[in-house]
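Here is the structure we will look at, set down as structure tokens.
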Amino acid sequence: MDNVMIFDHPLIQHKISILRDKSTGTNEFRALTEEIAMLMGYEALRDLPLEDVKVETPIETCMTPMIAGRKLAVVPILRAGLGMVSGILALVPSAKVGHIGLYRDEVTHEPHEYYCKLPSPIEERTIIVTDPMLATGGSAVTAVDFIKQHGGRKIKFMSIIAAPEGLERLSKAHPDVQIYVGHLDRCLNENAYICPGLGDAGDRIFGTK
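Under UniProt numbering, the first residue of the sequence shown is numbered 1, with each subsequent residue one higher.
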């Protein structure tokens, strides 16, 4: 899968291991999710375009590179994807934030949309879709479908952990989307939960059951 990057950085792996621990509380889980998103975002944003601008240093005036246009959009898949937004905004505070709301059918495990609000003009922006867990891939594929239907073109997807089934599904459905994964887990179980996984990311980020 040419459009997939699976991270092996020790800091990311260490923090994911703490996320997995069922004794990790809400505050720490939330902070770690933001930190991992920031570390992943550092690499995911490597290809942001630059332009030279004139800056006056204490010594002289020079031309020096800055991000061109600053047209970045972060689009979390509600609600767990919200936990990754702050980490990316720490890197690019000027980014706009959209939201896609999906819920999963408990029987078929397929996603259904209930909300979609994207920054305009979306077609001019680099878009980072966030969801801590890429399980079946259904929600990810649907979210990217919606963004493309609204005119989005340059799309990246970030998840902290992924199951092979979901990663393959998203990669094949949207080969033009670059996918960033913190750790590739073993499989999905019969209830479509990632194994070994980390439980329900949304519940653990927001302290709900």
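For every residue, glycine included, the Cβ atom is placed at its ideal position computed from N, Cα and C. Values in this document were obtained by computation on a predicted structure and should not be read as measured data.
Could you work out which residue in HIS9, THR24, ILE59 and PRO93 is closest to ASP200 when comparing CA atoms only? THR24
Could you give the uninterrupted runs of the beta strand (DSSP E) lying entirely in the stretch 41 to 84, keeping only those of 3 residues or more? 50 to 56, 61 to 67 and 72 to 78
Please classify ASP2 as buried or exposed, where buried requires at least 16 neighbouring CB atoms within 10 angstroms. exposed
Excluding the 5 residues preceding and the 5 following ALA44 in the sequence, name in chain order all residues of the same chain whose CB lies nearer than 7 Å to its CB. ILE128, LYS156, MET158 and TYR180
Pairs of beta-carbons, one from the stretch 22 to 41 and one from the stretch 76 to 96, closer than 8 Å: are there three or more? yes
Hey, is the stretch 164 to 172 in contact with the stretch 146 to 153, meaning 3+ C-beta pairs nearer than 8 Å? Counting Cβ pairs under 8 Å, fewer than three are found: no touch.
Own chain, CB closer than 8 Å to ARG125, minus 5 neighbours either side, in chain order: Short of 8 Å from the beta carbon of ARG125, and not among the five residues preceding or following it, lie these beta carbons of its own chain, in chain order: LYS71, LEU72, ALA73, LYS96, PRO119, GLY152 and LYS154.
Determine, using beta-carbon pairs with one atom in the stretch 189 to 196 and one in the stretch 43 to 62, whether at least three such pairs fall under 8 Å. no
Within 10 angstroms of the Cβ of VAL107, are there 16 or more other Cβ atoms? Answer buried if so, exposed if not. That one is exposed.
Shortest alpha-carbon distance to GLY137 belongs to which of CYS116, TYR115 and TYR103? TYR103
Per the DSSP calculation, HIS183 is bridged to which residue(s)? Under DSSP, HIS183 takes part in a beta bridge, and its partners are ILE161.
How about THR142 and GLY83: do their beta carbons lie closer than 8 Å? no
CA-CA distance, GLY207 and ILE100? 21 Å
For VAL144 and ALA80, what's the separation of their Cα atoms in angstroms? 16 Å
Verify the contact flag: ASP200, CB atom, against every heavy atom of the ligand MG, threshold strictly below 7 Å. Annotation note on the ligand MG: not contained in the displayed structure, which lists no ligands.
Identify the continuous beta strand (DSSP E) that holds GLY101 and give its terminal residues. 99 to 104
State the DSSP-derived secondary structure class of MET5, mapped to helix, strand or coil. In the three-state scheme derived from DSSP, where H, G and I count as helix and E and B as strand, MET5 is classed as strand.
As a quick exercise: from THR61, ASP185, CYS62 and MET66, pick the residue whose alpha carbon is nearest that of PRO132. Measuring from the Cα of PRO132, the nearest candidate turns out to be ASP185.
According to DSSP, simplified to helix, strand and coil, what is LEU32? helix
Hey, LYS22 and ILE36: beta-carbon distance below 8 Å or not? no
Beta bridge counterpart(s) of PRO111 as assigned by DSSP: ARG104
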